[in-house]
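To start, the structure under review is shown below, and the notes come after it.
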Amino acid sequence: MSEVGAPERAVLVFCHPEMGDEESYWAEEMRALAHSAGVKLVAEMRQKRHALDVATAIGRGKAEELFALAREKQADVIIFDTELTPVQQRNLEEITQTRVIDRTQLILDIFAQRARTREGALQVELAQLLYLMPRLSGLGTALSRLGGGIGTRGPGETKLEIDKRRVRERIAHLRQEIEEVRRKRAHQRSSRRKLPFPHGAIVGYTNAGKSTLLNVLSGAEVLVDNRVFATLDPTTRRVVLPDGWSVLLTDTVGFVENLPPMLLEAFYATLEEVQEADFLIHVIDISSPHWELQRDAVETTLVELGVDQKPVITVFNKADKVSDRAWLTRLVAETPNSVYISARQAQGIPHLMDRLVHTIRSMLVSVDVWLPYSATALLAECYEYGFVLSVDYTEEGIHLRAQVIPAVASRLREAGK
């Protein structure tokens with residue numbers, strides 16, 4: 005067993021059918037998740053199954069082998085790469101005499117460690133309770149597992165004697181609080197829309213380098229962590245473009261393959277930033293051997309969110325780790341509105357800035373409105389954030405024809421006659 009203060013020792017169990025080329029990708033991601041959770045992997049076990057055993061997922065014989073392996077390696081926890089039923093989890097713990105968690109619990113644990121704001125804490129607690137609810141055996145069940153180590157870090161690190169009725173009440177209360185968070189976030193977005201700046205969301209697979217990129221573009225410090233899910237709470241920064249225009253960019257939670265449904269629900273406030281954005285910056289870790297699978301996973305999620313039709317700038321990041329520059333050049337040539345960069349080395353940033361300018365200008369909206377003389381401040385914004393085609397001052401008001409960014413166009417129409 006681990007010494008006090010030392011990382012917990014874990015055995016990682018892969019239990020799935022033959023996955024072909026995706027197998028190494030899946031295994032690499034599970035190891036990265038375990039690393040992010042702070043455990044030390046001391047052994048791995050594999051069993052290819054087309055269907056999980058109802059009682060133990062891997063079968064009684066294999067479970068007994070797992071018991072021997074865990075004891076030999078002095079493991080504190082066993083991590084499964086699939087989702088376990090409450091029955092499977094309980095039976096495995098009885099056989100192996102070791103704490104057992106599944107992939108969903110592992111991700112929940114990482115989220116519990118990463119939540120840095122009240123909003124993040126609320127979202128994590130809701131996701132934890134949605135996961136725990138079917139695993140409570142009855143009234144009076146103790147949630148004593150919470151706060152006991154990897155996969156058991158519960159809401160607020162508390163231990164509660166709690167029953168299903170109280171869990172349901174807490175879930176309902178959390179939903180109300182999160183709805184209030186959404187209302188406040190909607191108000192923040194409304195306030196941002198009053199600013200004459202387009203709004204972009206930085207999306208990408210977890211650990212693709214989104215936060216590093218936002219730091220480079222904005223000159224501000226956003227948490228950068230070389231682990232998955234380092235960013236949970238959306239962060240928005242203003243970025244000044246070479247032509248003098250400004251954009252607001254929001255860093256979002258990293259996407260991951262098969263994110264547990266309760267996490268998609270709990271972190272909807274983060275995803276709302278993507279849905280409300282005028283354009284997207286899709287950051288891809290081009291140095292990863294599995295970059296295409298990661299790209300596809302993000303694009304699938306964008307389709308599910310209904311935002312796949314928004315303008316997208318594709319950023320192939322970590323290009324400093326790729327030696328074949330000719331291949332990178334061909335890739336950019338074949339990918340619309342794309343660029344390759346190294347955010348950490350600040351390489352290729354001018355090209356990305358040019359892409360941003362091009363994208364913003366392609367979003368300009370034509371307006372033909374009559375404005376009252378009280379709206380002359382809006383006219384000034386048209387000169388600053390668009391192109392004024394004609395302006396006529398008459399007794400009836402100001403007749404304006406211009407091409408402007410969407411935020412200014414909306415305000416012109418509201419103020420126009």
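The sequence shown begins at 5 in the working numbering and counts up by one. Don't be surprised by glycine CBs; every beta carbon is placed ideally from N, CA and C.
Report the option in the options whose CA atom is closest to the CA atom of residue i.
| i | options | result |
| --- | --- | --- |
| Val15 | Leu284, Ala59, Ala36, Ala74 | Ala74 |
| Met49 | Ala41, Ala79, Val58, His39 | Ala79 |
| Glu400 | Glu418, Trp374, Leu382 | Trp374 |
| Leu284 | Ile206, Ser327, His403 | Ile206 |
| Lys325 | Leu217, Phe18, Ile345, Gln127 | Ile345 |
| Glu33 | Gln101, Arg107, Glu98, Val343 | Arg107 |
| Thr100 | Val17, Glu27, Asp167 | Val17 |
| Glu98 | Val81, Glu87, Ile111 | Val81 |
| Gln109 | Arg122, Gln127, Phe84, Leu126 | Phe84 |
| Gly352 | Val361, Phe320, Trp331, Val171 | Phe320 |
| Ser291 | His39, Leu404, Trp331, Tyr135 | Trp331 |
DSSP on residue i, reduced to helix/strand/coil?
| i | result |
| --- | --- |
| Ser292 | coil |
| Leu267 | helix |
| Arg179 | helix |
| Asn95 | helix |
| His54 | coil |
| Glu165 | Here Glu165 scores only 48 on pLDDT, less than 50, and its place in the model should not be relied on; the value that follows carries that caveat. DSSP places Glu165 in strand when its eight states are reduced to three. |
| Leu253 | strand |
| Val343 | strand |
| Thr240 | strand |
| Gln78 | coil |
| Leu349 | Residue identity differs from the one stated: residue 349 is Gln in this sequence, not Leu. If DSSP states are grouped into helix, strand and coil, Gln349 belongs with coil. |
Quick check on residue i - is its C-beta less than 8 Å from some C-beta in chain B?
| i | result |
| --- | --- |
| Glu181 | Structure shown: chain B not included; a single protein chain is present. |
Assign residue i to buried or exposed, taking buried as 16 or more other Cβ atoms, counted over all protein chains shown, within 10 Å of its Cβ.
| i | result |
| --- | --- |
| Trp295 | buried |
| Tyr397 | exposed |
| Glu183 | exposed |
| Asp289 | buried |
| Lys322 | buried |
| Ser366 | exposed |
| Gly223 | exposed |
| Leu147 | Any reading at Leu147 must be qualified, since the residue scores a pLDDT of 48, below 50, and its modelled position is unreliable; the value itself is stated next. The residue is buried, with at least 16 neighbouring Cβ atoms inside 10 Å. |
| Asn95 | buried |
| Ala337 | exposed |
| Asn219 | buried |
| His191 | exposed |
| Ser394 | exposed |
| Ser194 | exposed |
| Arg299 | buried |
| Ser378 | exposed |
| Pro264 | buried |
| Gly65 | exposed |
| Ser327 | exposed |
May I ask you to list the residues that DSSP assigns as paired with residue i?
| i | result |
| --- | --- |
| Ile402 | Leu375, Tyr397 |
| Ile285 | Ile206, Ile317 |
| Ile83 | Leu16, Ile105 |
| Ala61 | Asp57 |
Just to confirm my understanding: we take residue i, look at its own chain, exclude 5 residues before and 5 after, and list those with CB closer than 7 Å. What are they?
| i | result |
| --- | --- |
| Trp249 | Ile364, Tyr389 |
| Arg174 | Leu133 |
| Leu275 | Leu309 |
| Pro138 | Pro90 |
| Tyr29 | His294, Leu297 |
| Ala301 | Tyr209, Phe259, Glu261 |
For the ligand ATP, I want to know if residue i counts as a neighbour, meaning its beta carbon is within less than 7 Å of at least one of the ligand's heavy atoms.
| i | result |
| --- | --- |
| Ser291 | Within the structure as shown, the ligand ATP is missing, as the structure has no ligands at all. |
Short of 8 Å in beta carbon distance, which residues of its chain neighbour residue i, apart from the five on each side in sequence? Order them along the chain.
| i | result |
| --- | --- |
| Gly42 | Pro11, Glu12, Gln117, Ile154 |
| Pro376 | Gly401, Ile402, Ala419, Lys421 |
| Tyr135 | Thr108, Gln109, Leu112, Pro264, Met266 |
| Val251 | Phe201, Pro202, His203, Gly204, Arg242, Val243, Leu245, Leu360, Ile364 |
Keeping to the same chain, check which residues put their C-beta closer than 6 Å to that of residue i; ignore five residues upstream and five downstream.
| i | result |
| --- | --- |
| Ala413 | Val369, Val371 |
| Asp229 | Residue placement at Asp229 is flagged as unreliable, the pLDDT there being 49, under the threshold of 50; the coordinate-derived value follows with that caveat. Excluding residues within five positions, none has a Cβ falling inside 6 Å. |
| Ala47 | Val15, Leu73, Lys77 |
| Leu221 | Val243 |
| Phe391 | Gln407 |
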